[in-house]
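Below is one structure, written out as structure tokens; the observations come after it.
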Amino acid sequence: MTIFIGLIFGTGHNHGLICLWDINSQDVAIKLNSDDSNDILKISFSENGYYFVSTSKNSNVVNLWDLRKQKIIREINLPENSHVENAEFDYFGNSIGICADRSYIYNVKTCELVSEIDSIQNCNFLKFDRDMEYFMTTNFNGDIRTNLIFN
Amino acid sequence: MKKETESAINTLKFHPDGIHNNSFTKFLLANYK
């Protein structure tokens, strides 16, 4: 049956390996390797599907990939002692929210910091609302916060 | 699914294009395999 044509998913592995799987063929379609060879913690696709971000264990860097070129096109460097936990695109693909010692919002095109929110404990999840007015964060304490994007 | 590697899988995410039935992932699979 070919009802799953075009349906793919990505997996992040140890040693910087990222696999894109074709559900129809039940096999890996594309393999990508992150330059730093650290274990991949999280990946997140942009809504238009052209880009994705990856985060690595014990790293302060978020890699922005272009799937059409199948390579890293930008690196977002957080302060040196930061350990990135998670990263998510907004619904328009304009911003990337990053969870680390605090939460950060970066512009995708310029990779400039847009907003930075303090956290009592390391932030571990972040989600944007569809109108780009706020984003929700959680931390390892179990706290849930609503943050305005432009504070 | 075939097992790709002995290394652990730390995360899994669906690509949004396939869910929305758009054409980019079809193009990707046809041209970049």
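Sequence order for the protein chains is B and Y. Per our numbering: the first sequence ends with 230, consecutive numbering throughout. Per our numbering: the second sequence ends with 152, consecutive numbering throughout. Glycine residues also receive a C-beta, built at the ideal position from the N, C-alpha and C atoms. Since we're looking at a predicted model, the values are computed, not measured.
Residue pairing of E159/B in beta bridges, as defined by DSSP: absent, with no partner found.
Each of D118/B, Q149/B, V107/B was checked against the Cα of S138/B, and the nearest Cα belongs to D118/B. Per DSSP, reduced to three states, the secondary structure at G91/B is strand. Where K145/Y is concerned, the enclosing alpha helix (DSSP H) starts and stops at 143-150. Within a 10 Å sphere around the beta-carbon of F143/Y sit 16 or more other beta-carbons, which makes this residue buried. The beta carbon of A179/B does not come within 9 Å of any beta carbon belonging to chain Y, so the residue lies off that interface. At a Cβ-Cβ threshold of 9 Å, N165/B and R153/B do not count as neighbours. Non-local C-beta neighbours of G128/B in its own chain, meaning closer than 8 Å and more than five positions away in sequence, comprise L146, ordered along the chain. Neighbours of E126/B in chain Y, taken as residues whose beta carbon is under 8 Å from its own, are P135 in chain order. The beta carbon of H92/B is closer than 8 Å to those of C98, D118, I119 in its chain, skipping five residues each way along the sequence. Annotation: Cβ neighbours of Y129/B in chain Y (cutoff 8 Å, chain order): F143.
Taking 9 Å as the cut-off, the beta carbon of I155/B is found closer than this to the beta carbon of Y185/B. T189/B is classed as exposed because its beta carbon has fewer than 16 other beta carbons within 10 Å across all chains shown. Residues E126, R209 of the same chain have their beta carbon placed closer than 6 Å to that of Y170/B, with the five preceding and five following residues left out of the count. For the options K121/B, G95/B, N103/B, Y213/B, the alpha carbon positioned closest to that of K110/B is the one of G95/B.
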